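Here the protein sequences line up with chains E and G, keeping their order.
All you need for this note's numbering is the position in the first sequence, starting with 1, plus 36.
All you need for this note's numbering is the position in the second sequence, starting with 1, plus 36.
For glycine and all other residues, C-beta sits at the position ideal for the given N, C-alpha and C.
On a predicted model such as this, the values are computed, not experimentally measured, just so you know.
Protein chains: 2
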Amino acid sequence: MTAVLDDRGARVLRLVVEDYIETAEPVGSRTISKKMNQALSPATIRNIMADLEEIGYLCQPHTSAGRIPTGAGFRYYVNYLLARRQLARSERDLLRKVAEEGVAGADEVVRHASRLLSTLSRHACVVVVSRSSHQALRSLSLLRASTDRILLVAVLQGGWVQHRLIEDEPGITTYDLEKINAYLNDMAVGLTLPQLRVKILNEMQKEKARYDSLMHKALLLGSKALAESLPGEVYIEGRANILEQPEFVDDVQKLKRILHTFEEKSVILRLLDSALESDAIQVSIGSENTVEGLPDISVVSSGYHQGETAMGSIGLIGPIRMDYSRVIPLVEYTARVLSSILEHR
Amino acid sequence: MTAVLDDRGARVLRLVVEDYIETAEPVGSRTISKKMNQALSPATIRNIMADLEEIGYLCQPHTSAGRIPTGAGFRYYVNYLLARRQLARSERDLLRKVAEEGVAGADEVVRHASRLLSTLSRHACVVVVSRSSHQALRSLSLLRASTDRILLVAVLQGGWVQHRLIEDEPGITTYDLEKINAYLNDMAVGLTLPQLRVKILNEMQKEKARYDSLMHKALLLGSKALAESLPGEVYIEGRANILEQPEFVDDVQKLKRILHTFEEKSVILRLLDSALESDAIQVSIGSENTVEGLPDISVVSSGYHQGETAMGSIGLIGPIRMDYSRVIPLVEYTARVLSSILEHR
DNA sequence: ATTGGCACTCTGCTTGGGAGAGTGCTAATT
DNA sequence: AATTAGCACTCTCCCAAGCAGAGTGCCAAT
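This is how it looks when you write it as structure tokens:
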């Protein structure tokens, strides 16, 4: 359905999009003509624009205003016309510096990156960490947390730490605990959490026959701890940046919906879902993203990984009118930096 | 400076405040007269209102509009005129139910409570958890996280868990680690983290003399882990509720400042600071709160505790025009529930 | 194929009245 | 002496009309 444009059409579309990105106002033929150094007169531009409107790349908010790009127009622009702007050295350095700050856990690193990206881009930044399902266990420890609670600490491949409190099985001594610990650890290391869960359930079946009290307890504890899968986490930074966008300021309804959506992490998760697997930049424009209730919103996102496994995704959420030529390299670079930092954990 | 009001003045002030809370519009003398079943004519009310304005409890946005309460007016209302509304049974039950959901760590409990409180009140809810400084250690464990990193897991009095990754001292075997573990644990249990830090530094002084390599390593690790104090955490739920308030919707400048403030957790921390120590409800009205850049904002907050020690505070942030008669009992009850749940951890 | 010219349309801003709500003051009433 | 009715006054809000500006579409000329 993507109609291919001739040179002139493309040039005009590009100028319209870029002007609109800058000003958030409908763009008139005069403006475009000037931008081309009068190579073509406004009248000619008008004809071209009328063509572009017919194909569905531009539209008019009302008769006799300038044109604004449609979703399809933006899409064509992003796919074929976009000139990625180089990141300034300072920006790259800043992003790279995240590495040094992150002596702490991998969580901290991701969070820092998100915050930084949000200030650099002046948009809201979302990071999804999908640790539970893909990461292999590096170690698993049970600690006594109180008289009737046990703390399970899981260290995942590459510095992610998860803990969870579980109710105690009665009558587990510290000595028992150590044994159980060793037993579970043997079983667990190298598996992902869902894999471990399956394995434990299997073992329990077998165990029922040759009844060994200690093993039994170990398995029970293990299955309990993994009953609910550890949730992925979602961090959002820079929500308030949405307010910088003139188009939302005077449409309070939209604003409300957007900010409410930010509180529903599950929705956000779905929004970045498709970016999880691939490391390529994904751009979802306006109505393209299937999440209900977010009109005129674009998402630019990319997955990041740790070694071989996909770890999560990071993305920017802003108006359809985002400065893609700047935002895309930003996200891309950030995802790359993130991957390379996590590599060495 | 709080002028005491006679009966009639108090009655009128109260009606004005309550009407204004409801409508967010200036209140006229006619309205008040009606609300008193015409016991007094509008003209009389006007005189009384003029008096109230003189004392500084009311003001007019412009000549010949109705009156709105000033900060001082709200303060008088909260201090002397407020009739606390009973919480509905359903609300109390709902809040109490948080207990059951919170099988997980204490963090989860606090977070749940915050979210719930925000939906019940339709305001933004903030919780501060000041775990690090006051809570005594229940256990301290060092785990091998990777070849060059060690994971320190601290379980604090009452179910709070903290972990932190530290760079490894070279040449620590698993066996060493276990010894160090036992050694540190002995030293640590029962102390708060700041206390432990001091103790470790002291020991290091002594240790320098009679050089014992293992102990030395232990102390080094310990001091490293505690170099930065564990930060208190701040959760904010229901930010978007601010948008429900008509007075902010058409003042985008204020809106921006408020939402930006929400992103600065340190400022929020300061905002709830005074509530940390006491379990009594604190109401900070408008310009009373010393935090810059939050005009016309009120904070209703209360500390919560665990056993004897203050654990943090929970509060609602909304327009000066909050429904205090409802909000105050809500916060109070929530803080009580929180304290009682944490008691049994 | 491009362009200049022109009539037309739509928005946004300003202006000028009312209508409505509310006040303050004064004089009458209780 | 306190209360109230009455009245003039003030201020906002809303609506309509008018006007400038920007932009378009189309036709005829280049």
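Between the Cα of residue i and the Cα atoms of the options, which residue gives the shortest distance?
i: G:R293; options: E:Q289, E:G274, E:L305, E:A86; result: E:G274
i: G:D315; options: G:Q342, G:V146, G:N83; result: G:Q342
i: E:L41; options: E:E89, E:L295, E:V234; result: E:E89
i: E:S375; options: E:I356, E:G348, E:R233; result: E:G348
i: E:A371; options: E:I84, E:A79, E:R147; result: E:R147
i: G:L201; options: E:G141, E:R125, E:V270, E:K133; result: E:G141
i: E:D359; options: E:Q96, E:Y271, E:R158, E:I304; result: E:R158
i: G:A263; options: G:Q231, G:I377, G:L291, G:N277; result: G:Q231
i: E:S361; options: E:R180, E:I104, E:N115, E:E214; result: E:N115
i: G:D204; options: G:S182, G:K215, G:V191; result: G:S182
i: G:V197; options: E:L192, E:G195, E:I186; result: E:I186
i: E:R82; options: E:S65, E:L192, E:L291, E:R306; result: E:S65
i: G:V270; options: G:S310, G:H199, G:D212, G:V162; result: G:V162
i: E:K290; options: E:D332, E:T210, E:G195; result: E:D332
i: E:F298; options: E:G354, E:V319, E:D286, E:V285; result: E:G354
i: E:K301; options: E:A86, E:L255, E:S166, E:K215; result: E:S166
i: E:I272; options: E:K215, E:P206, E:S150; result: E:S150
i: E:R180; options: G:D184, G:R180, G:G195; result: G:G195
Using the beta-carbon of each residue, which ones in chain E are nearer than 7 Å to residue i?
i: G:E344; result: In chain order: nothing, as chain E lies at least about 17 Å away.
i: G:H170; result: Result: empty, since nearest Cβ-Cβ is about 18 Å, beyond 7 Å.
i: G:K253; result: In chain order: nothing, as chain E lies at least about 19 Å away.
i: G:E368; result: The premise fails here: G:E368 is roughly 25 Å from chain E at the closest Cβ pair, so nothing lies under 7 Å.
Run down chain G in chain order and give the residues with a C-beta less than 9 Å from the C-beta of residue i.
i: E:R125; result: Residues of chain G passing the Cβ test: none, with the nearest at roughly 27 Å.
In chain order, what residues of the same chain have a beta carbon less than 8 Å from the beta carbon of residue i, not counting five sequence neighbours either side?
i: E:E313; result: G339, A346
i: E:L117; result: A46, L49, R50, V53
i: E:E324; result: G107, R111
i: E:S259; result: R233, I236, L237, M240
i: G:L305; result: V164, G268, V270
Using 8 Å as the limit for Cβ to Cβ distance, is residue i near chain E?
i: G:A60; result: no
i: G:A149; result: no
Quick one: measure Cβ to Cβ for residue i and residue j, integer angstroms, because I've assumed they're closer than 8 Å.
i: E:P62; j: E:A101; result: 5 Å
i: G:G322; j: G:G107; result: 4 Å
i: G:R426; j: G:Y113; result: Because chain G spans 37 through 381 in this model, residue 426 of chain G falls outside it and cannot be assessed.
i: E:K235; j: E:L229; result: Contact doesn't hold; Cβ gap of about 11 Å is too wide.
i: G:L352; j: G:L153; result: 7 Å
i: G:S337; j: G:I350; result: 7 Å
i: G:L279; j: E:L295; result: 6 Å
Any beta carbon of chain G sitting closer than 8 Å to that of residue i?
i: E:L187; result: yes
i: E:V373; result: no
i: E:V146; result: no
Taking C-beta pairs closer than 8 Å, name the residues in chain E that residue i reaches, listed in chain order.
i: G:S175; result: L179, R180, A181
i: G:A276; result: K292, L295, H296, F298, E299
i: G:L279; result: V288, L291, K292, L295
i: G:V191; result: L179, A181, S182, L187
What does a CB cutoff of less than 7 Å around residue i pick up in its chain, not counting 5 residues either side in sequence?
i: G:Y369; result: L123, R128, L131
i: G:S177; result: V189, N217
i: G:I208; result: K253
i: E:E379; result: Q342, G343
i: E:N221; result: S175, L176
i: G:A79; result: none
i: G:A60; result: P282, E283, R357
i: E:V327; result: V303, R306, L307
Looking only at its chain, what residues have a beta carbon closer than 6 Å to the beta carbon of residue i, apart from the 5 residues adjacent to it on each side?
i: E:C71; result: Here the sequence assigns Lys to residue 71 of chain E, which means Cys is not the residue at that position. So the list reads L51, once near-sequence residues are dropped.
i: G:A39; result: I91
i: E:P365; result: R120, L123
i: G:I317; result: S338, I364, E368
i: E:A224; result: L173, L176, L232
i: E:I104; result: Y56, P62
i: E:Q193; result: Q171, A172, R174
i: G:C276; result: The question names Cys, yet the displayed sequence has Ala at residue 276 of chain G. Hits under 6 Å: none found.
Give me the chain G residues within the contact set of residue i, using Cβ-Cβ distance strictly less than 7 Å, ordered along the chain.
i: E:V285; result: V288
Following a CB-centred definition, is residue i positioned closer than 7 Å to any heavy atom of the ligand ATP?
i: G:G351; result: For the structure depicted, the ligand ATP is absent and the ligand set is empty, with no information on it obtainable.
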